[in-house]
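Residue numbering for the sequence shown follows the working numbering, beginning at 5 and increasing consecutively.
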Amino acid sequence: MRLTFYGGIKEIGGNKILLEDKKTVILLDFGKSYKEAGKYFEEFVNPRAVQGLKDYLELGLLPRKEGFYRQDLIKISGESELTLYEKPKIDAVILSHGHLDHAGYISFLNPEIPVFTAKETLAVLGAFYISRPKNLENEIIEISEREEADFKKRKKKKRAIITVEDQKPFFIKNLKITPIKVDHSVPGASMFLIESSIGSILYSGDFRLSEISEERKKEICSFLRKAKIKIFICEGTRIKEQIILREEKVRQDALEKIKEVKGLVVVDYSIGDVVRFKTLSAIARETKRFFALPYNYFNYLSFLKQNGINAEGFENVALYAKKKISLKKWEKDLIKNSKVVTSEDIAKDKKHYLLALNFYQIQELIDLKINEDCFYLRAITEPHSEEMEISEERFVNWIKHFKMQGLREEIIESGEKKSVFDRAHISGHISGKELAEFIEKIKPEAIIPIHTEFPEEFKNIYKNIIIAEKNETIKI
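See below:
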């Protein structure tokens with residue numbers, strides 16, 4: 005049994021793990037590494053789509069492997085080191101959830117390689133495919149063959165995506181695999197238990213336990229303990245953190261702030277986080293406000309609802325139709341079929357609205373007649389990169405300009421005061437304290453840390469830790 009780690013090593017996200025066993029070859033996720041991509045690219049400097057795979061391979065963002073990639077991208081790349089085209093050498097991709105740091109680079113894989121994932125994850129990918137730009141990195145669901153220069157003439161090809169059910173085993177050639185539904189900040193997150201030639205391999209994906217019922221936690225732990233796990237490939241995003249946070253605390257903190265606001269409440273939250281949407285929607289109802297969502301947020305939730313996911317929390321939701329020069333078909337369809345509010349509607353009756361706007365939509369504040377009675381709530385993670393910190397400073401400047409509530413002063417290392425957002429948020433990742441307890445209950449023989457900048461910290465919570473290096477193959 006061989007494991008090769010092409011991503012997710014000493015970084016948050018970018019998981020790309022190749023498992024070879026029993027004459028079967030599978031990928032555990034195939035995600036985008038934002039950290040690695042950020043070394044070379046930014047908003048207006050991007051990989052050249054016209055060159056296919058070339059930029060990604062040259063900079064090590066994709067592994068240089070034959071039998072992985074799309075024929076059309078290999079051809080336009082002109083990569084002599086890769087076979088022009090051959091039958092895929094990958095039997096399948098196991099996709100843990102729909103975040104792009106796990107799913108994003110599936111866009112480059114040969115569409116004949118099937119992807120196995122939860123039905124909720126397929127719905128998440130489908131929603132994003134509609135609202136995100138039609139570019140090379142948004143071809144997870146459907147590819148647009150790039151050999152034809154005119155995009156209108158390009159052939160479309162659906163990717164083979166097969167949905168799996170919680171704790172119902174399935175086979176990929178000679179490997180038996182069981183999905184285990186867990187909780188994360190996007191619907192459909194799953195662990196996968198793989199019955200290999202050396203014993204059970206557990207792949208965690210991304211998960212947390214704080215929002216799972218005690219009964220369900222016991223069920224998961226009992227099942228995994230009985231599986232006698234040989235290797236646990238485990239995420240450790242928050243391995244150093246000991247505080248256990250729960251969504252109920254977010255609700256309480258946000259409600260305490262919002263119920264005193266006399267004007268408009270504007271909120272920023274991660275578009276994929278359905279749990280956070282339900283929290284904010286409930287607060288809006290309790291404070292007698294409509295919850296207005298911009299096109300992309302509204303489309304995401306509507307698409308999930310149409311697919312039987314998250315039918316709750318829509319009682320007081322409206323589409324915020326901002327002014328645009330032209331509308332895409334999906335935006336026109338939303339306007340036809342939804343309750344719609346405009347900036348003029350909200351400006352006239354600010355106290356009865358909670359409006360979702362992220363940094364890339366912040367210019368809308370100009371049209372809303374914002375004043376000191378209005379409040380901005382950031383219900384999203386703190387910046388964890390230099391680029392995000394720069395964006396955060398710009399964000400703060402907007403809030404200061406309109407004299408909105410929602411900022412507080414903090415003393416930084418230099419002794420100076422700095423304005424920061426007064427957040428209401430919990431992570432979608434398990435804390436180090438909970439992870440230690442979980443590991444003790446399931447008792448794996450060994451752990452390989454992934455999705456963490458601090459893999460060595462696992463040695464403080466378990467005896468047998470294998471630290472992998474990027475591009476390293478571990479034979480077990």
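Even glycine gets a Cβ: it sits at the ideal position worked out from N, Cα and C. Quantities reported herein were computed from a predicted structural model and do not represent experimental measurements.
- At the C-beta level, Thr477 and Thr28 stay beyond 8 Å of one another.
- Ala96 and Phe72 do not touch by the CB rule: their CB atoms are close to 13 Å apart, not below 8 Å.
- Within the segment 112-195, the runs of alpha helix (DSSP H) at least 4 residues long that lie entirely inside it are, in chain order, 123-135.
- Residue pairing by DSSP places Ser200 opposite Gly203 in a beta bridge.
- Using a Cβ-Cβ distance cut-off of 8 Å, the segment 344-357 and the segment 225-241 are not in contact, since fewer than three pairs of beta carbons, one from each stretch, lie closer than that value.
- The beta carbon of Arg158 is closer than 6 Å to those of Ser148, Glu149 and Glu152 in its chain, skipping five residues each way along the sequence.
- Of Leu213, Gly102 and Ile262, the smallest CA-CA separation from Gly410 is found for Ile262.
- Taking Val400 as reference, the option from Ser389, Tyr380 and Ile416 with the minimal CA-CA separation is Tyr380.
- Distance between Glu376 and Arg255, taken at the CA atoms: about 23 Å.
- If the five residues before and after Asp59 are omitted, its C-beta is found closer than 6 Å to the C-beta atoms of Pro51 and Arg52, all from its own chain and listed in chain order.
- In this structure, DSSP gives Gln75 a helical state, which the three-state scheme calls helix.
- In the three-state reduction of the DSSP assignment, Pro453 falls in the strand class.
- Per DSSP, the beta bridge partners of Tyr273 are Ala383.
- Residue range Tyr38 to Gly42 is occupied by the alpha helix (DSSP H) that includes Gly42.
- Short of 7 Å from the beta carbon of Glu368, and not among the five residues preceding or following it, lie these beta carbons of its own chain, in chain order: Lys326, Ser347 and Leu361.
- The residue among Ser200, Leu259, Glu386 and Tyr304 with its C-alpha nearest the C-alpha of Glu290 is Leu259.
- Where Ala351 is concerned, the enclosing alpha helix (DSSP H) starts and stops at Ser347 to Lys352.
- In this model, Glu70 and Asn114 are separated by some 11 Å (Cα to Cα).
- Counting along the chain, the unbroken alpha helix (DSSP H) around Phe399 starts and ends at Glu390 to His405.
- Distance from the CA atom of Lys156 to the CA atom of Pro137, rounded to whole angstroms, is 15 Å.
- If you draw a straight line from the Cα of Lys407 to the Cα of Ala383, it is about 19 Å long.
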